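Peer 1: Taken in order, these protein sequences are the chains called A and B. Residue numbering for the first sequence follows the numbering used here, beginning at 19 and increasing consecutively. Residue numbering for the second sequence follows the numbering used here, beginning at 102 and increasing consecutively. All C-beta atoms in this analysis are idealised placements derived from N, C-alpha and C, irrespective of residue type, glycine included. Quantities reported herein were computed from a predicted structural model and do not represent experimental measurements.
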Amino acid sequence: MAKKLNLDRKAMPKQKPWERIKNFDEVALGYTVELAQAEAERCLSCKKAFCSMGCPVGIDIPAFIKCIRKGDYAAGVRKIKETNALPAICGRVCPQEEQCEAKCVLGNKDAPIAIGRLERFLADYEASSGKRETPDRTEPTGKKVAIVGAGPAGVTVANDLALLGHSVTIFEALHDCGGVLTYGIPEFRLPKAIVRREVDYVRSLGVDIVTDFIVGKTRTVDSLMEEYDAMFIGAGAGLPWFLGIDGENLNGVYSANEYLTRVNLMKGFRFPETDTPVKRSAKVAVIGGGNVAMDAARTSERLGADETHIVYRRSRKELPAREEEVENAEEEGIIFDLLTLPTRILGDERGWVRALECIKMRLGEPDSSGRRRPLPIEGSDFELEVDAVVIAIGNSPNPLIPNSTKGLEIGKRGNIVADEETGKTSREGIWAGGDVVTGAATVISAMGAARNAAASMHRYLMDEDK
Amino acid sequence: MYKVVERKMIVPNLHELVVEAPHVASSVQPGNFIILRADENGERIPLSVADWDREAGTVSSIFMQVGGSTAKLAQLHPGDEIPTFAGPLGRETEIEKYGTVVCVMGCYGIGSMWPVARALKEAGNEIVAVIEARSTFLLYWLDRYKELCDKVLYCTRDGTLGRKGHAGEIPDMLRSQGVKPDLVMAHGCTFQMKRMADVTREPGWKTVVNMNPIMIDGTGMCGVCRLTVGGETKFACVDGPDFDAHEIDWDEFLARRKTYFVEETEPLRHSGCGEHAEEHQGVSSG
Ligand SMILES: Cc1cc2nc3c(=O)[nH]c(=O)nc-3n(C[C@H](O)[C@H](O)[C@H](O)COP(=O)(O)OP(=O)(O)OC[C@H]3O[C@@H](n4cnc5c(N)ncnc54)[C@H](O)[C@@H]3O)c2cc1C
Ligand SMILES: Cc1cc2nc3c(=O)[nH]c(=O)nc-3n(C[C@H](O)[C@H](O)[C@H](O)COP(=O)(O)OP(=O)(O)OC[C@H]3O[C@@H](n4cnc5c(N)ncnc54)[C@H](O)[C@@H]3O)c2cc1C
Ligand code: SF4
Ligand code: SF4
Ligand code: FES
Numbered sequence: 019m020a021k022k023l024n025l026d027r028k029a030m031p032k033q034k035p036w037e038r039i040k041n042f043d044e045v046a047l048g049y050t051v052e053l054a055q056a057e058a059e060r061c062l063s064c065k066k067a068f069c070s071m072g073c074p075v076g077i078d079i080p081a082f083i084k085c086i087r088k089g090d091y092a093a094g095v096r097k098i099k100e101t102n103a104l105p106a107i108c109g110r111v112c113p114q115e116e117q118c119e120a121k122c123v124l125g126n127k128d129a130p131i132a133i134g135r136l137e138r139f140l141a142d143y144e145a146s147s148g149k150r151e152t153p154d155r156t157e158p159t160g161k162k163v164a165i166v167g168a169g170p171a172g173v174t175v176a177n178d179l180a181l182l183g184h185s186v187t188i189f190e191a192l193h194d195c196g197g198v199l200t201y202g203i204p205e206f207r208l209p210k211a212i213v214r215r216e217v218d219y220v221r222s223l224g225v226d227i228v229t230d231f232i233v234g235k236t237r238t239v240d241s242l243m244e245e246y247d248a249m250f251i252g253a254g255a256g257l258p259w260f261l262g263i264d265g266e267n268l269n270g271v272y273s274a275n276e277y278l279t280r281v282n283l284m285k286g287f288r289f290p291e292t293d294t295p296v297k298r299s300a301k302v303a304v305i306g307g308g309n310v311a312m313d314a315a316r317t318s319e320r321l322g323a324d325e326t327h328i329v330y331r332r333s334r335k336e337l338p339a340r341e342e343e344v345e346n347a348e349e350e351g352i353i354f355d356l357l358t359l360p361t362r363i364l365g366d367e368r369g370w371v372r373a374l375e376c377i378k379m380r381l382g383e384p385d386s387s388g389r390r391r392p393l394p395i396e397g398s399d400f401e402l403e404v405d406a407v408v409i410a411i412g413n414s415p416n417p418l419i420p421n422s423t424k425g426l427e428i429g430k431r432g433n434i435v436a437d438e439e440t441g442k443t444s445r446e447g448i449w450a451g452g453d454v455v456t457g458a459a460t461v462i463s464a465m466g467a468a469r470n471a472a473a474s475m476h477r478y479l480m481d482e483d484k
Numbered sequence: 102m103y104k105v106v107e108r109k110m111i112v113p114n115l116h117e118l119v120v121e122a123p124h125v126a127s128s129v130q131p132g133n134f135i136i137l138r139a140d141e142n143g144e145r146i147p148l149s150v151a152d153w154d155r156e157a158g159t160v161s162s163i164f165m166q167v168g169g170s171t172a173k174l175a176q177l178h179p180g181d182e183i184p185t186f187a188g189p190l191g192r193e194t195e196i197e198k199y200g201t202v203v204c205v206m207g208c209y210g211i212g213s214m215w216p217v218a219r220a221l222k223e224a225g226n227e228i229v230a231v232i233e234a235r236s237t238f239l240l241y242w243l244d245r246y247k248e249l250c251d252k253v254l255y256c257t258r259d260g261t262l263g264r265k266g267h268a269g270e271i272p273d274m275l276r277s278q279g280v281k282p283d284l285v286m287a288h289g290c291t292f293q294m295k296r297m298a299d300v301t302r303e304p305g306w307k308t309v310v311n312m313n314p315i316m317i318d319g320t321g322m323c324g325v326c327r328l329t330v331g332g333e334t335k336f337a338c339v340d341g342p343d344f345d346a347h348e349i350d351w352d353e354f355l356a357r358r359k360t361y362f363v364e365e366t367e368p369l370r371h372s373g374c375g376e377h378a379e380e381h382q383g384v385s386s387g
């Protein structure tokens with residue numbers, strides 16, 4: 019090989035752990051121009067770009083990296099936006115290590131190109147330049163589209179269909195837009211100003227966003243369909259699961275959704291300046307091992323807990339959270355009680371949490387998911403003294419829409435059934451995509467599904483004219 | 102933004118709030134509630150719907166000033182705007198022909214019972230209203246009930262109107278009036294509803310209460326409103342707020358209501374409603 023491989027993957031500057039646990043500011047600070055250049059320099063501009071195949075929306079990765087190398091950042095942004103409308107968000111929260119970066123050829127040498135960081139660099143460059151290019155819009159088609167939910171799926175469909183000239187209205191149940199990006203993922207991982215910027219941009223394309231509107235309650239899907247030519251349902255997977263163990267309704271036990279919503283959407287971390295209270299607990303146990311659990315635990319640290327535990331029934335290797343987030347949590351002093359299964363929540367005489375009863379686990383034979391099945395070790399029960407428990411074991415789609423809509427096929431887990439390629443549901447004129455179809459997944463997969471649905475909806479809306 | 106059409110104190114500490122919200126007014130049903138925020142830093146607080154005007158696009162609620170958020174609401178004037186008014190939320194009350202329905206109400210429940218009583222009457226029921234308060238000066242909307250209901254009974258703590266005493270006296274009152282309920286509905290403070298649950302259990306009167314836990318989203322997303330009904334966890338905002346009073350785990354419910362007692366330092370003692378205050382007596386810290 020002519021050129022020697024450069025395996026010096028550039029780290030991204032971060033706030034120091036002891037500083038960042040005292041604030042809610044973003045932890046990862048982003049590449050400087052120098053770091054971005056150095057990282058872009060390492061890319062081999064592969065003819066067969068495996069990296070792009072790992073990206074659910076197929077971004078032309080070597081092309082945008084080439085733009086960075088040339089210093090033509092505006093062109094780089096344009097390249098990304100051909101397929102991804104929300105690069106500032108995906109660059110931050112995509113599980114890159116399982117997607118684009120997992121496929122990068124330099125991954126064989128343990129030094130894949132930091133594609134997510136470069137994507138974020140370009141998006142932030144565009145934001146700080148204050149110059150945002152608006153793509154050309156088609157002539158108005160006169161077609162009306164209703165979108166349920168202003169999460170990444172709904173916002174993406176709105177973006178695409180507005181550019182194609184359709185008249186788009188988003189109906190959102192909460193008072194703010196962004197879905198999980200706003201109420202779930204914390205400020206220190208995804209600043210809300212970025213989400214707001216993206217939502218404002220979609221508004222600037224003429225999309226009407228109606229908040230405080232609960233489809234299925236304020237108006238039903240059927241009633242809206244009398245007025246709109248097509249509908250996209252991107253209502254997410256917002257129904258929190260509980261464990262079904264004793265003591266779950268004690269005071270001091272929260273779903274992760276409640277805990278994070280109080281802090282993020284309702285800005286409870288600024289209480290009493292804001293009105294929504296958040297308990298300042300001393301010892302917190304977060305049950306679960308995914309991104310949601312990491313976010314809840316790191317939030318607890320920032321709210322000033324003396325000790326925060328992650329209680330997870332398998333081993334570190336099986337933690338479903340992104341590696342980067344696990345490392346961040348470890349750096350911030352969160353205690354990982356692995357191979358530990360909660361069996362009961364114990365309360366005091368006033369109905370408050372006092373302790374979490376757990377049992378130690380060992381790994382047995384692999385189960386149907388291919389992961390080794392955790393088995394309890396007899397006699398290993400112990401009590402973890404805590405004054406708060408956050409349950410972060412998963413979410414499924416909210417039954418409001420399924421229960422109030424006729425003829426919409428619903429899957430076993432309460433999800434709306436939609437065609438994988440097109441997002442078409444069992445109801446003519448209605449599409450669905452994102453977490454409401456797949457169950458809790460990722461931002462980029464929700465966007466990918468939204469993209470496909472928008473294309474299919476456009477074909478449907480235009481064909482009707484013939 | 103939603104325009105405040107009216108906000109007036111109707112009796113000490115209880116206010117009527119009328120807001121222009123056509124999206125809610127067009128689809129609201131008896132037993133529904135809404136969630137509003139008084140300003141951009143405000144909490145999302147649930148209030149039952151007490152009346153509406155579909156044509157004018159307005160929705161009314163009766164609220165009691167108890168803490169920070171309701172204090173903000175009490176400052177609103179006609180023409181002001183509030184940033185959030187979401188709804189209608191919750192399942193609507195099951196309106197059927199039951200026979201004789203006793204509607205027990207107190208505090209803000211005198212307001213929230215109104216659409217329910219009206220619909221029950223329309224469905225052909227005989228309605229006996231039992232209106233409860235600490236004293237006569239806390240009663241309102243009596244004319245409406247007198248006109249609608251087949252019988253209106255009163256119960257006041259100080260004996261200034263009707264029977265002297267509290268909700269515990271109600272079965273006795275009903276018996277002495279020869280009323281045999283096919284269904285009891287209760288709206289108001291938690292303590293009053295719990296008392297109704299206690300005293301209707303023995304005679305075996307089916308009792309439905311309109312529960313009022315702490316809430317955030319009101320759509321089933323956060324789970325803070327959960328309660329145990331018949332041994333199962335339910336979310337009041339989507340499975341309720343109406344539940345069978347005899348199936349509820351009241352001790353758990355009362356404890357959960359106090360979660361933020363320490364944070365919400367505003368004293369309730371001055372709020373005027375005896376039951377509201379009682380609920381918080383003897384609670385030192387969370
Ligand atoms: C704490 C947390 C951390 C996460 N971290 C990551 C991460 O690091 N990386 C990653 O890729 N993914 C992450 N995810 C997952 C990711 O956020 C979701 O997969 C993604 O947001 C799904 O997008 P969506 O548009 O389908 O749904 P959502 O984001 O859930 O948006 C749905 C919207 O619809 C609204 N809605 C629901 N019902 C109605 C109705 N009846 N009427 C009107 N509006 C309605 C909701 O209020 C919401 O605003 C995380 C999730 C959580 C909870
Ligand atoms: C479905 C539903 C319908 C309701 N309808 C009405 C209504 O029509 N009129 C009305 O006045 N109130 C109603 N409530 C209660 C109302 O939401 C609360 O009184 C209000 O949120 C208190 O806000 P605050 O900031 O003023 O008081 P806070 O400062 O939040 O609380 C003051 C005190 O009240 C207690 N408290 C907390 N939550 C509630 C609660 N949900 N209800 C009562 N006390 C509470 C707190 O523990 C605290 O000690 C309803 C509640 C629900 C869930
Ligand atoms: S969108 Fe996500 S998967 Fe695609 S290139 Fe960007 S970071 Fe990678
Ligand atoms: S696979 Fe890696 S090295 Fe090759 S083009 Fe993609 S990012 Fe560059
Ligand atoms: S208020 Fe959040 S689930 Fe009921």
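To the nearest angstrom, how far is it from the Cα of residue 360/A to the Cα of residue 218/B?
Peer 2: Taking the straight line from one Cα to the other gives about 47 Å.
Peer 1: Please give me, in chain order, every unbroken run of the beta strand (DSSP E) with length at least 3 that falls completely inside the region 375-449 of chain A.
Peer 2: Whole beta strand (DSSP E) segments, 3+ residues: 390-394, 400-403, 406-409.
Peer 1: Just the chain A side, please: which residues come within less than 7 Å of residue 343/B by C-beta, in chain order?
Peer 2: Neighbours of residue 343/B on chain A: none; closest Cβ ~15 Å, over 7 Å.
Peer 1: If we define contact as Cβ-Cβ less than 8 Å, is residue 293/A a contact residue for chain B?
Peer 2: Cβ-Cβ to chain B under 8 Å: yes for residue 293/A.
Peer 1: For my contact list, residue 191/B and residue 342/B are in at a C-beta cut-off of 8 Å; report their separation, rounded to the angstrom.
Peer 2: Residue 191/B to residue 342/B, Cβ: 5 Å. Contact.
Peer 1: Let me see if you follow: with CB-CB separation under 8 Å, is residue 174/A close to chain B or not?
Peer 2: Chain B, which has no Cβ nearer than 8 Å to the Cβ of residue 174/A, makes this no.
Peer 1: Can residue 231/A and residue 287/A be called in contact, C-beta distance under 8 Å?
Peer 2: It is not a contact, given that the beta carbons lie outside the stated cut-off.
Peer 1: If you count every other CB in all the chains shown that lies within 10 Å of the CB of residue 29/A, and 16 or more means buried, which is it?
Peer 2: Exposed, because fewer than 16 other Cβ atoms sit within 10 Å of the Cβ of residue 29/A.
Peer 1: Could you please give me the residues that DSSP links to residue 334/B through a beta bridge?
Peer 2: Paired residues: 329/B.
Peer 1: Would you list the residues sitting across from residue 182/B in a DSSP beta bridge?
Peer 2: According to DSSP, residue 182/B bridges with 104/B.
Peer 1: For the region 25-95 of chain A, list the alpha helix (DSSP H) runs that are entirely contained and at least 4 residues long, ordered along the chain.
Peer 2: 35-38, 51-59, 68-72, 79-88, all fully within the region 25-95 of chain A.
Peer 1: Between the C-alpha atoms of residue 91/A and residue 150/A, what's the straight-line distance to the nearest angstrom?
Peer 2: Rounded to the nearest angstrom, the two C-alpha atoms are 12 Å apart.
Peer 1: Got a sec: does ligand 3 put a non-hydrogen atom nearer than 7 Å to the Cβ of residue 133/A?
Peer 2: Yes, since a heavy atom of ligand 3 falls inside the 7 Å radius drawn around the Cβ of residue 133/A.
Peer 1: I want to verify the contact list: residues of chain B whose CB lies under 7 Å from the CB of residue 273/A, in sequence order.
Peer 2: By Cβ distance, chain B contributes 323, 324.
Peer 1: Is it buried or exposed, residue 249/A, if we count other Cβ atoms within 10 angstroms and call 16 or more buried?
Peer 2: Residue 249/A comes out buried.
Peer 1: Under 8 Å, CB to CB, which of the residues in the region 436-457 of chain A have a partner in chain B?
Peer 2: Of all residues in the region 436-457 of chain A, none has a Cβ within less than 8 Å of some Cβ in chain B.
Peer 1: Closer than 7 Å by C-beta to residue 506/A: which residues in its own chain qualify, once you throw out the five before and the five after it? Chain order, please.
Peer 2: An answer regarding residue 506/A cannot be provided, because it is not within the stretch 19 to 484 covered by chain A.
Peer 1: With a threshold of 7 Å (Cβ to nearest heavy atom), would residue 83/A be considered close to ligand 4?
Peer 2: Yes, since a heavy atom of ligand 4 falls inside the 7 Å radius drawn around the Cβ of residue 83/A.
Peer 1: Under 9 Å Cβ-Cβ, which residues of chain A neighbour residue 124/B?
Peer 2: Those within 9 Å of residue 124/B in chain A are 228, 230, 231, 236, 237.
Peer 1: Nearer than 7 Å: is that true of the beta carbon of residue 107/A relative to any heavy atom of ligand 3?
Peer 2: Incorrect: residue 107/A has no Cβ contact closer than 7 Å to ligand 3.
Peer 1: Kindly examine ligand 1 and report whether one of its heavy atoms sits closer than 7 Å to the Cβ of residue 192/A.
Peer 2: Under cutoff, so the answer is yes.
Peer 1: Which whole-angstrom value is the C-beta distance of residue 397/A and residue 391/A, which I expect to be below 8 Å?
Peer 2: Contact flag wrong, Cβ pair sits at about 20 Å.
Peer 1: Quick check on residue 410/A - is its C-beta less than 8 Å from some C-beta in chain B?
Peer 2: Not an interface residue.
Peer 1: Does any C-beta atom of chain A lie closer than 8 Å to the C-beta of residue 216/B?
Peer 2: Judged by the 8 Å Cβ criterion, residue 216/B is not in contact with chain A.
Peer 1: Within 8 Å (strictly less), CB to CB, does residue 42/A reach chain B?
Peer 2: Chain B contact via Cβ: absent.
Peer 1: Note down, in chain order, each residue of its chain lying with its Cβ closer than 7 Å to the Cβ of residue 109/B, except the 5 sequence neighbours on either side.
Peer 2: Excluding positions up to five away in sequence, the list reads 116, 117.
Peer 1: Give the straight-line distance between the Cα atoms of residue 27/A and residue 460/A, rounded to the nearest whole angstrom.
Peer 2: Cα to Cα, the separation comes out at about 25 Å.
Peer 1: Please state whether DSSP places residue 241/A in a helix, a strand or coil.
Peer 2: If DSSP states are grouped into helix, strand and coil, residue 241/A belongs with the helices.
Peer 1: Which two residues bound the contiguous beta strand (DSSP E) that contains residue 309/B?
Peer 2: Looking at the DSSP string, the run of the beta strand (DSSP E) that includes residue 309/B is 308-311.
Peer 1: Any Cβ of chain B within less than 8 Å of the Cβ of residue 327/A?
Peer 2: No, because no Cβ of chain B sits closer than 8 Å to the Cβ of residue 327/A.
Peer 1: Classify residue 257/B as helix, strand or coil using the three-state DSSP reduction.
Peer 2: Three-state result, residue 257/B: strand.
Peer 1: Report buried or exposed for residue 31/A, applying the criterion of at least 16 other Cβ atoms within 10 angstroms of its Cβ.
Peer 2: Residue 31/A comes out exposed.
Peer 1: Check each residue of the region 176-197 of chain B: if its Cβ is closer than 8 Å to any Cβ of chain A, include it; give the result in chain order.
Peer 2: The residues in question are 184, 185, 186, 187, 188, 189, 190.
Peer 1: Which partner residues does residue 122/A have in the DSSP bridge list?
Peer 2: Residue 122/A is not bridged to any residue.
Peer 1: Using DSSP with H/G/I as helix, E/B as strand and the rest coil, what is residue 248/B?
Peer 2: Looking at residue 248/B - three-state DSSP - the assignment turns out to be helix.
Peer 1: I'd like the list of long-range same chain contacts for residue 170/B, defined as Cβ closer than 7 Å, with 5 residues on each side in sequence excluded.
Peer 2: Hits under 7 Å: 139, 143, 144, 146.
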